[in-house]
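With our numbering applied, the sequence shown corresponds to residues 407 to 461, in that order. Quick notes on the structure that follows.
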Amino acid sequence: QNEVLETAKALGLEVAYHPVNSVGHTPEQALEMGRLINSLPTPILSYCRSGGRCA
């Protein structure tokens, strides 16, 4: 996680860390995810810990 954040910042990318467990989002986490999506510059890359899913 730290390596990804540090590398992205070094490349001038804005980064947000939003952990979610394998069960999924709580209502509060879903609201926070929406807030992040609406506040971050686009395009947005979102990925899972394993790298198997990204959007």
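Using N, Cα and C, we set each Cβ at its ideal position, and we do this for glycine too. None of the values given here were measured: they were computed from a predicted structure.
For this session: Would you kindly work out how many angstroms separate the C-alpha atoms of G418 and V429, rounded to a whole number?
Result: Translated into the one-based positions of the sequence shown, residue 418 becomes position 12. Translated into the one-based positions of the sequence shown, residue 429 becomes position 23. Straight-line Cα distance between these residues: approximately 32 Å.
For this session: Going by CA-CA distance only, name the one from E420, N408 and A436 that's closest to P449.
Result: For the purposes of this step, residue 449 is taken as residue 43 along the sequence shown, with counting starting at 1. Ranking E420, N408 and A436 by Cα distance to P449 puts E420 first.
For this session: Please report how far the alpha carbon of N444 lies from the alpha carbon of V426, in whole angstroms.
Result: The residue labelled residue 444 in the question sits at position 38 within the sequence shown. The residue labelled residue 426 in the question sits at position 20 within the sequence shown. Those two C-alpha atoms are separated by around 18 Å.
For this session: Please report the residue range of the alpha helix (DSSP H) in which T432 lies.
Result: Taking the sequence shown and counting its residues from 1, one reaches residue 432 at position 26. No alpha helix (DSSP H) contains T432, which DSSP labels as neither H nor E.
Exercise. Within this structure, are the beta carbons of A422 and L446 separated by less than 8 Å?
Worked result: The residue labelled residue 422 in the question sits at position 16 within the sequence shown. The residue labelled residue 446 in the question sits at position 40 within the sequence shown. In contact: A422 and L446 (Cβ atoms closer than 8 Å).
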